[in-house]
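Novice:
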Amino acid sequence: MKADRSTGARPWPAHRLVLLAGLALAAFLTLASVAIFLQFRTAVVQEQQKRNALFARVLEDFVTRSVDTAALSLAGIGSDLNVPLTATSEAISANLRQTLVSLPPLRSLAVVRLDGLVTAASDAADIGRRIDLSRLGPLPSSSRDVIGNYVRGRGLADIIAGGRPTKAPASIGFIPLMHLVRLPSGDAIVIALLNLDGIVNQMRLTIADPTSRAVLTSFGGRIYGDTADAVPGTALAGHPVFRDFLPRIEHKEFQGPGVDPEVQTGAFRVSSAWPLVVIVERPLDSVISTWLQSVRPQLVLAGCAVLMLVVLTVIASRSLKAREEARLSRDKLVARIASSEQELSIIVRSVQEFLFRTDERGVLTFVNAHWMTATGSSAQSILGTRLEDIVAPGERREVRTLLEAEMQSGVRTATLTFWATTAHPRRVDIALVPLHDGDRPTGFAGSAIDITAREEAEARLAEQLAFMAQLQDMTPLPTSMRDMAGRYVDVNRAWLKFFAVSRSAVIGRGMSCIASDSEVRPHETQDRRLDSATRHVQYEAAVTRAGGDRRDVLIDKVLVPGRDGRPQGILSTFIDVTEMRDASRAMQEAREAAEEASRVKSEFIANISHELRTPLQSIIGFSELGVGRMRDDAVASDMFGAVLSAGQRMLALVNDLLDVAKIESAVGTIHLERTDLRPLLRSVARELDPLLEAKQLRVDLRLPASPLSAKVDPFRFQQVVRNVLANAIRFSPDGAPIELGARLGSDRSVHVWVRDLGPGIPPGEGEQIFDAFVQSSKTRDGAGGTGLGLAICRKILDAHRGTISARNHPGGGACFDVLLPPNDFTDTMPGVLSELV
Numbered sequence: 010m011k012a013d014r015s016t017g018a019r020p021w022p023a024h025r026l027v028l029l030a031g032l033a034l035a036a037f038l039t040l041a042s043v044a045i046f047l048q049f050r051t052a053v054v055q056e057q058q059k060r061n062a063l064f065a066r067v068l069e070d071f072v073t074r075s076v077d078t079a080a081l082s083l084a085g086i087g088s089d090l091n092v093p094l095t096a097t098s099e100a101i102s103a104n105l106r107q108t109l110v111s112l113p114p115l116r117s118l119a120v121v122r123l124d125g126l127v128t129a130a131s132d133a134a135d136i137g138r139r140i141d142l143s144r145l146g147p148l149p150s151s152s153r154d155v156i157g158n159y160v161r162g163r164g165l166a167d168i169i170a171g172g173r174p175t176k177a178p179a180s181i182g183f184i185p186l187m188h189l190v191r192l193p194s195g196d197a198i199v200i201a202l203l204n205l206d207g208i209v210n211q212m213r214l215t216i217a218d219p220t221s222r223a224v225l226t227s228f229g230g231r232i233y234g235d236t237a238d239a240v241p242g243t244a245l246a247g248h249p250v251f252r253d254f255l256p257r258i259e260h261k262e263f264q265g266p267g268v269d270p271e272v273q274t275g276a277f278r279v280s281s282a283w284p285l286v287v288i289v290e291r292p293l294d295s296v297i298s299t300w301l302q303s304v305r306p307q308l309v310l311a312g313c314a315v316l317m318l319v320v321l322t323v324i325a326s327r328s329l330k331a332r333e334e335a336r337l338s339r340d341k342l343v344a345r346i347a348s349s350e351q352e353l354s355i356i357v358r359s360v361q362e363f364l365f366r367t368d369e370r371g372v373l374t375f376v377n378a379h380w381m382t383a384t385g386s387s388a389q390s391i392l393g394t395r396l397e398d399i400v401a402p403g404e405r406r407e408v409r410t411l412l413e414a415e416m417q418s419g420v421r422t423a424t425l426t427f428w429a430t431t432a433h434p435r436r437v438d439i440a441l442v443p444l445h446d447g448d449r450p451t452g453f454a455g456s457a458i459d460i461t462a463r464e465e466a467e468a469r470l471a472e473q474l475a476f477m478a479q480l481q482d483m484t485p486l487p488t489s490m491r492d493m494a495g496r497y498v499d500v501n502r503a504w505l506k507f508f509a510v511s512r513s514a515v516i517g518r519g520m521s522c523i524a525s526d527s528e529v530r531p532h533e534t535q536d537r538r539l540d541s542a543t544r545h546v547q548y549e550a551a552v553t554r555a556g557g558d559r560r561d562v563l564i565d566k567v568l569v570p571g572r573d574g575r576p577q578g579i580l581s582t583f584i585d586v587t588e589m590r591d592a593s594r595a596m597q598e599a600r601e602a603a604e605e606a607s608r609v610k611s612e613f614i615a616n617i618s619h620e621l622r623t624p625l626q627s628i629i630g631f632s633e634l635g636v637g638r639m640r641d642d643a644v645a646s647d648m649f650g651a652v653l654s655a656g657q658r659m660l661a662l663v664n665d666l667l668d669v670a671k672i673e674s675a676v677g678t679i680h681l682e683r684t685d686l687r688p689l690l691r692s693v694a695r696e697l698d699p700l701l702e703a704k705q706l707r708v709d710l711r712l713p714a715s716p717l718s719a720k721v722d723p724f725r726f727q728q729v730v731r732n733v734l735a736n737a738i739r740f741s742p743d744g745a746p747i748e749l750g751a752r753l754g755s756d757r758s759v760h761v762w763v764r765d766l767g768p769g770i771p772p773g774e775g776e777q778i779f780d781a782f783v784q785s786s787k788t789r790d791g792a793g794g795t796g797l798g799l800a801i802c803r804k805i806l807d808a809h810r811g812t813i814s815a816r817n818h819p820g821g822g823a824c825f826d827v828l829l830p831p832n833d834f835t836d837t838m839p840g841v842l843s844e845l846v
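Heads up: the sequence shown is residues 10 to 846, going by the numbering used here.
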């Protein structure tokens, strides 16, 4: 409970409190300064708005007075036109020139009839010209004066009716002020061309600020003049003055986009007498920039004050933190020292080495618990014993040497035997460190590691290594060990005997000492194949021994890893396979000779068979004719019948020999196709009906109702079934049934069987009857055929990847089984019948 209370009520460190207080004060000063400067900024913007409004009022008054003065002059000129004595063109023109001199804002004066003819003008060159009045804008329709559109040009000469467009710059132009006069000779218009350059210059002098601008526009938002660079005649329909205020409000300050898209501080004012608007603007960025330049010293001073407060706070916090950490480190150090002393005491008691301390004479003054465990004695009986008294007598001089004070300081080591006179002596590696009090030696601190088990293991390992070396030397396989540079490190006796060299001539040298460069290169290539993934290679090579004896060898190589896992050498063994290769070559030559003999035999049989068929056909033909014609002569008929029967047997033998010849000469090529086997089986059964009727036999067909599909050569498959079924007919007793069936296996293989009730197959002849020219012992009485039918059947089924076998049925007779494998391929595949013999 006390620990929980202390943890929950743990106060914050003083340095954190000081840091938080200082940072909070700095943040407060920063926020206060920002608030003050924001107030100043708002006041500066408002002051600028007031100045803009004042300038707008002053400029509006100037523009209104200028236009009013010009209007009064036009009214006076109009009155003079109604006086007959002064209504002449020369008099009016002189009056216009005198009036123009007294009015600087005007560019020129003129009197124009409604058809555009200039009848009088301050510029004599304009008199008699006809101008385009439509370019001046709406004409006055009453006695009220009208301000027209902005016209680009310098005077009336730029708006002559039908004349070329003026080439004056876009910034050069005038505004016509027009006054309508009713005359007996017809209405006329007195026109005063207001000089915009003079008006704009006066506006520029009035605001006297390059960052501000003053714009004179029409009531509809068309620019007449600008102290900046806006082009006269440009429309300001999107300006907030015309979008948000006019015509409801005629003077007001605003803030937002102005003539330029940037945010502006501005004010506007509408002329009290004319449809004119004066706009004064200054960019907000310029206002703020000017203000920031004026308050920069105050900003820097405030920033420095806040920064100094932060720095002082951090310094004070770090000082307190350093003091707290020093105090905490001291407390931790004291606790660590106490803990270390406790841990050291535990370690000394539990360490499995002999730890001890002696005085300067070598008398034991301290031992750890391992001493008591090893000796079975108490600490009191061990302490006070001299170190040299517990070692073997022959090692006591070495102990006295270790304890000599004159030896240099540092660790003194030796290998000794503790308790040599007891039943369990211990071999130890001892280390002594001299202890000093100033320059005076006070004793020794030491440790001893029990190496008894290690020395015994090293002895056993040495014995094992010697045994393995002897075993390797005695092995009959030539064995060698090479380092990664290719130099021989060790070879056994069989290797030296094989190459007929001495060990001294090989060790430390490469393979070039026993082989030529051309023979070394293949071995080096195989050596390079050995890596971390392929640690074993096997290959054959030819080596030439001393005396030119060339031998074929089968070589095995493995990569031998070192203690660091990297390869340190290559271990090789080889077997002399020269005699085996010679025997293999002899067998190959014998096989080729046998194949050649078989080929010659097959060609001979084929040629003889073809030569025999022609005369046999003639003999059979004449015999059939003799039997038919000599029915009345019993003796002649029997003779012809015997000749016919012998000829037919001879023809069957020749046909079988031809099949054998086809098979052996690889002419009997088959073509597999997917076929329903049921029609093929029924067709074979129908073909053999004459033989069945002759012996009063019947075929019991056991076929499935569904299609029995397999990939076979139909002709060859029927040949197999025909031969087997013919054998069953031949050996069945008269009147017996023969079973012919087929079914689909669970693995989708096809099983076809033929069972008869004949004499069956003698024991041990189930496979021999499928060899060429071999007949069953039960059929050698003449009932059998040539001994080739079943052999041909097996070879045909081999080409189908199928099998045929024979067995005795438990119910009597023989049963022949034909198995066709499941076919997963879809294309017709040709197969070649292999050789029969």
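Glycine included, each C-beta is placed from N, C-alpha and C at the ideal position.
Between the C-alpha atoms of ASP722 and VAL729, what's the straight-line distance to the nearest angstrom?
Specialist: Taking the sequence shown and counting its residues from 1, one reaches residue 722 at position 713. Taking the sequence shown and counting its residues from 1, one reaches residue 729 at position 720. Between ASP722 and VAL729, the C-alpha separation is close to 11 Å.
Novice: Provide the residue span of the alpha helix (DSSP H) that contains SER88, from first to last.
Specialist: Within the sequence shown, residue 88 is the residue found at index 79, counting from 1. Judged by DSSP secondary structure, SER88 falls within the alpha helix (DSSP H) whose first and last residues are 23-90.
Novice: Beta-carbon within less than 8 Å of ASP294's beta-carbon, same chain only, minus the 5 sequence neighbours each way: which residues are those?
Specialist: Sequence index remark: in the sequence shown, residue 294 carries index 285 (1-based). Around ASP294: GLU271, VAL272.
Novice: Along the chain, where does the beta strand (DSSP E) containing GLN547 start, and where does it finish?
Specialist: The sequence position of residue 547 within the sequence shown is 538, counting from 1. That run of the beta strand (DSSP E) goes 545-553.
Novice: Alpha carbon to alpha carbon, how far is ALA35 from ILE324?
Specialist: Taking the sequence shown and counting its residues from 1, the one referred to as residue 35 is at position 26. Taking the sequence shown and counting its residues from 1, the one referred to as residue 324 is at position 315. CA-to-CA, the gap between ALA35 and ILE324 works out to about 14 Å.
Novice: Would you call the segment 591-602 in contact with the segment 504-519, where contact means no fewer than 3 C-beta pairs closer than 8 Å?
Specialist: no
Novice: In this structure, does DSSP put VAL268 in helix, strand or coil?
Specialist: Residue numbering aside, residue 268 sits at position 259 when the sequence shown is read from its first letter. If DSSP states are grouped into helix, strand and coil, VAL268 belongs with coil.
Novice: VAL199 and GLY87: beta carbons closer than 7 Å?
Specialist: Taking the first residue of the sequence shown as position 1, residue 199 is located at position 190. Taking the first residue of the sequence shown as position 1, residue 87 is located at position 78. Yes; because the gap between Cβ atoms is below 7 Å, this pair is in contact.
Novice: Tell me which residues share the same chain as PRO434 and place their Cβ nearer than 6 Å to its Cβ, disregarding the 5 neighbours each side in the sequence.
Specialist: By 1-based counting over the sequence shown, the position of residue 434 is 425. These residues qualify, in order along the chain: THR426, TRP428.
Novice: Taking only the alpha-carbon atoms, compute the straight-line gap between MET520 and VAL529 and give it to the nearest angstrom.
Specialist: Within the sequence shown, the letter at position 511 stands for residue 520. Within the sequence shown, the letter at position 520 stands for residue 529. The alpha-carbon atoms of MET520 and VAL529 are separated by roughly 7 Å.
Novice: In this structure, does DSSP put MET477 in helix, strand or coil?
Specialist: The residue labelled residue 477 in the question sits at position 468 within the sequence shown. If DSSP states are grouped into helix, strand and coil, MET477 belongs with the helices.
Novice: Figure out for me which residue from LYS176, VAL190, SER151, LEU142 has the closest Cα to the Cα of ALA170.
Specialist: As a working note, residue 170 is residue 161 in the sequence shown. Comparing Cα-Cα distances from ALA170 to each of LYS176, VAL190, SER151, LEU142, the minimum goes to LEU142.
Novice: At which residues does the beta strand (DSSP E) containing MET187 begin and terminate?
Specialist: For the purposes of this step, residue 187 is identified with residue 178 of the sequence shown, where counting begins at 1. In the DSSP annotation of this structure, the continuous segment of the beta strand (DSSP E) that includes MET187 starts and ends at 182-190.
Novice: When the Cα atoms are used, what is the spatial distance from MET317 to GLU333?
Specialist: Numbered from its first residue, the sequence shown carries residue 317 at position 308. Numbered from its first residue, the sequence shown carries residue 333 at position 324. Each residue's alpha carbon lies about 24 Å from the other.
Novice: Just to confirm the assignment, what range does the beta strand (DSSP E) spanning ALA454 have?
Specialist: Working through the sequence shown from its first residue, we reach residue 454 at position 445. Element bounds for ALA454: 449-459.
Novice: Can VAL408 and VAL442 be called in contact, C-beta distance under 7 Å?
Specialist: Within the sequence shown, residue 408 is the residue found at index 399, counting from 1. Within the sequence shown, residue 442 is the residue found at index 433, counting from 1. Contact flag unset, no.
Novice: Provide the residue(s) that pair with GLU262 in DSSP beta bridges, ordered along the chain.
Specialist: By one-based count along the sequence shown, residue 262 stands at place 253. DSSP lists ALA276 as partners of GLU262.
Novice: Could you compute how far the alpha carbon of ASP790 sits from the alpha carbon of ARG731?
Specialist: Working through the sequence shown from its first residue, we reach residue 790 at position 781. Working through the sequence shown from its first residue, we reach residue 731 at position 722. Residue placement at ASP790 cannot be trusted, given a pLDDT of 49 that sits under 50; what the coordinates show is reported in the next sentence. Spanning the two alpha carbons is a distance of roughly 22 Å.
Novice: Would you identify the three-state DSSP class for TRP300, choosing helix, strand or coil?
Specialist: For the purposes of this step, residue 300 is identified with residue 291 of the sequence shown, where counting begins at 1. Here TRP300 sits in helix by DSSP.
Novice: Given this structure, state the Cα-to-Cα distance separating ASP847 from THR488, to the nearest angstrom.
Specialist: Residue 847 cannot be examined here, being either before or after the span of the chain that is shown, 10 to 846.
Novice: I believe ARG544 touches VAL567 by the beta-carbon criterion, under 8 Å. Please report the beta-carbon distance rounded to the nearest angstrom.
Specialist: For this step, residue 544 is matched to residue 535 along the sequence shown. For this step, residue 567 is matched to residue 558 along the sequence shown. That pair is a contact at about 6 Å.
Novice: Which word fits PHE583, buried or exposed, when buried means at least 16 other C-beta atoms lie within 10 angstroms of its C-beta?
Specialist: Taking the first residue of the sequence shown as position 1, residue 583 is located at position 574. By the neighbour-count rule (16 or more Cβ atoms within 10 Å), PHE583 is buried.
Novice: From the DSSP output, read off the bridge partner residues of PRO443.
Specialist: To locate residue 443, count along the sequence shown from 1; it is residue 434. Bridge partners of PRO443: PHE453.
Novice: Which parts of the segment 561-611 are runs of the alpha helix (DSSP H), unbroken and 4 residues or longer, counting only runs that do not cross its ends?
Specialist: none
Novice: Can you name, in chain order, every residue of its own chain whose Cβ lies under 7 Å from the Cβ of GLU633, other than the five neighbours on each side?
Specialist: Numbered from 1 along the sequence shown, position 624 holds the residue referred to as residue 633. Closer than 7 Å at the Cβ level, and outside the excluded window around GLU633, lie LEU653.
Novice: Quick check: what's the CA-CA separation for GLY677 versus PHE724?
Specialist: Walking along the sequence shown from the start, residue 677 turns up at place 668. Walking along the sequence shown from the start, residue 724 turns up at place 715. Only weak support exists for where GLY677 lies, its pLDDT of 49 falling under 50; the coordinates are left without a value.
Novice: Could you give the C-beta distance for VAL120 and LEU81, rounded to a whole number, given that I count them as a contact under 8 Å?
Specialist: The residue you call residue 120 lines up with position 111 of the sequence shown. The residue you call residue 81 lines up with position 72 of the sequence shown. Actually they are not in contact, since the Cβ atoms of VAL120 and LEU81 sit about 16 Å apart, beyond 8 Å.
Novice: Taking a contact to mean a Cβ-Cβ separation below 7 Å, would you say ALA745 touches VAL761 in this structure?
Specialist: Stepping through the sequence shown from its first residue, residue 745 is reached at position 736. Stepping through the sequence shown from its first residue, residue 761 is reached at position 752. No; because the gap between Cβ atoms is not below 7 Å, this pair is not in contact.
Novice: Looking at the unbroken beta strand (DSSP E) that takes in SER117, where does it start and where does it end?
Specialist: In the sequence shown, residue 117 corresponds to position 108, counting from 1. DSSP places SER117 in the uninterrupted beta strand (DSSP E) bounded by 115-122.
Novice: Quick check on DSSP: helix, strand or coil for TRP283?
Specialist: Taking the first residue of the sequence shown as 1, we reach residue 283 at position 274. Three-state result, TRP283: coil.
Novice: May I ask you to verify whether the segment 445-464 touches the segment 343-353, counting CB pairs closer than 8 Å and requiring at least 3?
Specialist: Fewer than three beta-carbon pairs drawn from the segment 445-464 and the segment 343-353 are found closer than 8 Å, and the two stretches are therefore not classed as touching.
Novice: Leaving out five residues before and five after ASP235 in sequence, what residues of the same chain have Cβ atoms less than 6 Å from its Cβ?
Specialist: If you number the sequence shown from 1, residue 235 lands on position 226. So the list reads VAL224, once near-sequence residues are dropped.
Novice: For the segment 99-109 and the segment 117-131, state whether three or more C-beta atom pairs, one from each stretch, are separated by less than 8 Å.
Specialist: yes
Novice: For ARG640, which of helix, strand or coil comes out of DSSP?
Specialist: The sequence position of residue 640 within the sequence shown is 631, counting from 1. In the structure shown, ARG640 adopts coil according to DSSP, grouped into three states.
Novice: Counting only runs of 3+ residues fully inside the segment 672-706, write out the beta strand (DSSP E) ranges in chain order.
Specialist: 678-680, 682-685
Novice: Let me know if PHE37 comes out buried or exposed under the rule of 16 or more other beta-carbons within 10 Å of its beta-carbon.
Specialist: Taking the sequence shown and counting its residues from 1, the one referred to as residue 37 is at position 28. That one is exposed.
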